[in-house]
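Mapping to the UniProt record's numbering: the sequence shown position 332 is 332, numbers consecutive. The beta carbon of each residue, even a glycine, is placed where N, CA and C say it ideally should be. Written out below as structure tokens is the structure these notes cover.
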Amino acid sequence: MQTGPFFESSKDIVKNFLNSVIAVDDGLFLGKSRSNPRTQNLADTEGDLDGFDAPENDTGLGIYNATSQVTHENLHIIEESHQLDYQSLSLAFAEHGINCCGFIPDAERFATIDVASTKIMESSRRADITILDWSMDHDFNSEPGTLAKASIEKIINNDKEQHGRLRLIVIYTAEPNVNTIARSIKDHLHVLSGPGIKAKLESRNITFKNPDLEFCQITVIRKEETISQLKNTVIDLFTMLTIGLLSNATLSAIGELRDKTHHILHTFNKNLDPAYLSHVLGLLSSPEVREKAHEVAFDYATEIISEEFKSTLQISQKIKNHLGLEKLKQWADQTGRFEPDNMICIKVDRNEVRITPDRMKRLLEASTEPDLATILSEPPVICTTVNKFKKSKIQINLTGTDHFPHEHLSSIECKRRDIISLKLEGHAPTIKQGTIVQKGNGYFICMQPLCDTVRIHEDRNFIFLKIDKVDSTGGFTHVIRDAKNGFLKFNIKPGSKDLHIFTFSPDNESNTIKAVVDRDKYKIKYKKGSKESHLIWHGELKTTVAQAIANKLAEQLSRIGLDTNEWLRLSATT
1 MQTGPFFESS
11 KDIVKNFLNS
21 VIAVDDGLFL
31 GKSRSNPRTQ
41 NLADTEGDLD
51 GFDAPENDTG
61 LGIYNATSQV
71 THENLHIIEE
81 SHQLDYQSLS
91 LAFAEHGINC
101 CGFIPDAERF
111 ATIDVASTKI
121 MESSRRADIT
131 ILDWSMDHDF
141 NSEPGTLAKA
151 SIEKIINNDK
161 EQHGRLRLIV
171 IYTAEPNVNT
181 IARSIKDHLH
191 VLSGPGIKAK
201 LESRNITFKN
211 PDLEFCQITV
221 IRKEETISQL
231 KNTVIDLFTM
241 LTIGLLSNAT
251 LSAIGELRDK
261 THHILHTFNK
271 NLDPAYLSHV
281 LGLLSSPEVR
291 EKAHEVAFDY
301 ATEIISEEFK
311 STLQISQKIK
321 NHLGLEKLKQ
331 WADQTGRFEP
341 DNMICIKVDR
351 NEVRITPDRM
361 KRLLEASTEP
371 DLATILSEPP
381 VICTTVNKFK
391 KSKIQINLTG
401 TDHFPHEHLS
411 SIECKRRDII
421 SLKLEGHAPT
431 IKQGTIVQKG
441 NGYFICMQPL
451 CDTVRIHEDR
461 NFIFLKIDKV
471 DSTGGFTHVI
481 RDAKNGFLKF
491 NIKPGSKDLH
501 IFTFSPDNES
511 NTIKAVVDRD
521 KYKIKYKKGS
531 KESHLIWHGE
541 LKTTVAQAIA
551 NKLAEQLSRI
561 GLDTNEWLRL
571 SATT
């Protein structure tokens, strides 16, 4: 397991972020371990709760009773070495303010493995971490691991349907053969050919090659660890899954909003309802917006709520600290020294060199041109002059990785929604300013003012700008994801020569230009003379990004050409 300042600070962030853990074990018990001839159950109200707290030296894993005998009548009894003390587990996580839920897959309650695994998947849907026992199958008359594997498969497939999420599943088992168990899980999930789950095994860890599951991990650990060790191991594993600069800042942001949740709810309290309804009625009183008054009011509500979130995050000292200079330097140490396979590379234009963590740290804190020039000119030379460094495209990469971080971050900056995010919303998009569509091999972006894309009752012309889709070597200005989680890169240079008009008929219900779902694509019908054709919807840029393009287009359209004295014109440049 990693150590170091960056890892420890990342672990503190994780402790503050984690909110819920679910433990699934047919041997869960509350209080002292028992050896009576019936399964101890959290829901059991008949049992004696004397001695509710476990002894001080109890590990929480149960106490092996050498005198207990298993007879034909009590074969269903859970061996105490396979038990898990829910009270100790919940108290261990409670030290960090983390809620721990317990789930007993009872064969009397859940008739089949399929029913039980579905309930486990539903219980895990919103959990940050899922802990599963390996052997929960005796009462279902199935082989050990059957329920665990069925549950994992359903959890993973549900995550894929949601196009991925951060997911840690821990198999916590008293079985000695943890490597065999890890192999069994990997073989169960992995699909050899065609589409499907592509799992890979490294020691006791199962990870995935699928883009939707790249931040999902399953780890098998032995029950010989104490409850406290289990808690620490789980937190360390989650930290390894999330450690990073922006990921830490994001976890801190979510944690900050969780901490301020009730303050925000206090701000937006029910006493504001009359004021909000007054706003709605004010909109309804205006003939210009009456038809879409409720949508306009919705936009107003989401705007003020999101601005409250934004202001909360912008004044957060925690988030600022996690992206400060010291943390950037710690990242360089962590990446270069504790992950030797991932060496730091810096690329300036086409010149790429590997650099040490110390050199990276000195680059980050260089404050004068002489300091910067000295660091850049050290062998191997990054750049010959500071001026060239200033004018060139600078790119940091890590060796040993096959990610596309620059494209990914750029797409996050550009897109409001794309095909992948839209599938989560479950409805078809509409055409508005910033929408990117495809016609044949050509691509266009909508420049229609937002107010002219609603309340449409008859055919309407929409203004589009032709844009260039570029390959991996061409220059580009904007990036969005495609349907396969790759990237579409566009070079958008607004100009009057690239304007194009498409004529659309509105949707009768929404009075907007709405796409329809055709297999796995979103298509928009447009009129081409007396015929109809269609465009393919690819995404929509953020409002501010689209408006910036529209402003540049307006600048081009407002240019004025003058015949002036050539001597006077040239005098302005001398």
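In this structure, does DSSP put residue i in helix, strand or coil?
{"i": "Val-516", "result": "strand"}
{"i": "Asp-12", "result": "helix"}
{"i": "Trp-567", "result": "helix"}
{"i": "Ile-375", "result": "helix"}
{"i": "Val-234", "result": "helix"}
{"i": "Thr-3", "result": "coil"}
{"i": "Glu-555", "result": "helix"}
{"i": "Leu-488", "result": "strand"}
{"i": "Ser-533", "result": "strand"}
{"i": "Arg-362", "result": "helix"}
{"i": "Cys-216", "result": "strand"}
{"i": "Glu-352", "result": "strand"}
{"i": "Gln-69", "result": "Its pLDDT being 43, under 50, Gln-69 is placed unreliably in this model, and the coordinates cannot settle the point."}
{"i": "Thr-544", "result": "helix"}
{"i": "Asp-468", "result": "strand"}
{"i": "Asn-158", "result": "helix"}
{"i": "Leu-201", "result": "strand"}
{"i": "Phe-268", "result": "coil"}
What is the rounded straight-line gap between the Cα of residue i and the Cα of residue j?
{"i": "Leu-132", "j": "Gln-547", "result": "50 Å"}
{"i": "Val-516", "j": "Tyr-526", "result": "12 Å"}
{"i": "Ile-63", "j": "Asn-397", "result": "Residue confidence for Ile-63 is low, a pLDDT of 43 falling below 50, so the modelled location carries little weight and cannot support an answer."}
{"i": "Ile-355", "j": "Leu-328", "result": "15 Å"}
{"i": "Ser-123", "j": "Ile-22", "result": "8 Å"}
{"i": "Ser-421", "j": "Gly-561", "result": "45 Å"}
{"i": "Thr-312", "j": "Glu-256", "result": "8 Å"}
{"i": "Lys-391", "j": "Thr-544", "result": "26 Å"}
{"i": "Ile-218", "j": "Phe-444", "result": "43 Å"}
{"i": "Val-193", "j": "Val-234", "result": "The sequence shown places Ser at residue 193, not Val. Whole-angstrom Cα-Cα distance: 33 Å."}
{"i": "Gln-395", "j": "Phe-476", "result": "15 Å"}
{"i": "Asn-205", "j": "Glu-225", "result": "17 Å"}
{"i": "Ile-78", "j": "Ile-436", "result": "Reliability of the predicted coordinates at Ile-78 is poor, the pLDDT of 39 falling under 50, and no value is obtained from them."}
{"i": "Lys-521", "j": "Asp-273", "result": "40 Å"}
{"i": "Phe-17", "j": "Lys-231", "result": "15 Å"}
{"i": "Phe-110", "j": "Ser-316", "result": "46 Å"}
{"i": "Pro-405", "j": "His-427", "result": "29 Å"}
{"i": "residue 575", "j": "Asn-321", "result": "The requested residue 575 is not part of the displayed model; the chain covers only 1 to 574."}
Between residue i and the rest of its own chain, which residues show a CB-CB distance below 6 Å, the 5 nearest in sequence each way excluded?
{"i": "Val-479", "result": "Glu-407, Ser-410, Ser-411, Cys-414, Phe-487 and Lys-489"}
{"i": "Val-296", "result": "Leu-283 and Val-289"}
{"i": "Leu-323", "result": "Ala-249"}
{"i": "Thr-239", "result": "Ser-10, Lys-11 and Val-14"}
{"i": "Thr-45", "result": "Low local confidence applies: a pLDDT of 42 at Thr-45 is under 50, so the model's placement there is unreliable, and no value is given."}
{"i": "Ile-467", "result": "Tyr-443, Ile-445, Phe-490 and Ile-492"}
{"i": "Ile-120", "result": "Val-24 and Ser-151"}
{"i": "Asn-511", "result": "Arg-455 and Ile-456"}
{"i": "Ala-550", "result": "Met-447"}
{"i": "Ser-505", "result": "Asp-459"}
{"i": "Gly-495", "result": "Gln-556"}
Can you tell which of the options has the C-alpha that lies nearest to the C-alpha of residue i?
{"i": "Val-386", "options": "Ser-306, Lys-393, Pro-380 and Glu-369", "result": "Glu-369"}
{"i": "Thr-180", "options": "Gly-164, Ile-264, Ile-221 and Ile-344", "result": "Ile-221"}
{"i": "Thr-118", "options": "Ile-394, Leu-30 and Asn-157", "result": "Asn-157"}
{"i": "Ala-373", "options": "Ser-286, Val-545 and Cys-383", "result": "Cys-383"}
{"i": "Pro-357", "options": "Asp-371, Trp-331, Asn-351 and Val-381", "result": "Trp-331"}
{"i": "Leu-213", "options": "Gly-164, Glu-224 and Pro-494", "result": "Gly-164"}
{"i": "Ser-151", "options": "Leu-168, Leu-166, Ile-113 and Lys-186", "result": "Ile-113"}
{"i": "Lys-154", "options": "Ser-142, Thr-130, Thr-173 and Ala-174", "result": "Thr-130"}
{"i": "Ile-319", "options": "Ala-253, Arg-258 and Glu-352", "result": "Ala-253"}
{"i": "Asp-187", "options": "Asn-177, Ser-193, Asn-485 and Lys-200", "result": "Lys-200"}
{"i": "Ile-104", "options": "Leu-91, Phe-215 and Asp-139", "result": "Asp-139"}
{"i": "Pro-195", "options": "Leu-277, Lys-388, Lys-484 and Asp-371", "result": "Lys-484"}
{"i": "Ile-264", "options": "Glu-307, Ser-285 and Leu-251", "result": "Glu-307"}
By DSSP's criteria, residue i is part of a beta bridge. Which residues make up the other side?
{"i": "Leu-132", "result": "Val-24 and Ile-171"}
{"i": "Ala-111", "result": "None, per the DSSP bridge assignment."}
{"i": "Phe-462", "result": "Phe-502"}
{"i": "residue 581", "result": "For residue 581 there is no data in the structure shown, the boundaries of the chain being 1 and 574."}
{"i": "His-478", "result": "Phe-490"}
{"i": "Gly-102", "result": "Ala-23"}
Note down, in chain order, each residue of its chain lying with its Cβ closer than 8 Å to the Cβ of residue i, except the 5 sequence neighbours on either side.
{"i": "Thr-335", "result": "Asn-342, Ile-344, Pro-357 and Leu-398"}
{"i": "Lys-198", "result": "His-190, Val-191, Phe-208, Lys-209 and Asn-210"}
{"i": "Val-470", "result": "Phe-476, Lys-489, Phe-490 and Asn-491"}
{"i": "His-279", "result": "Ala-297 and Tyr-300"}
Tell me which same chain residues have a C-beta within less than 7 Å of the C-beta of residue i, skipping the five on either side of it?
{"i": "Leu-89", "result": "Ala-23, Gly-60, Cys-100 and Ile-227"}
{"i": "Gln-438", "result": "Leu-535, Ile-536 and His-538"}
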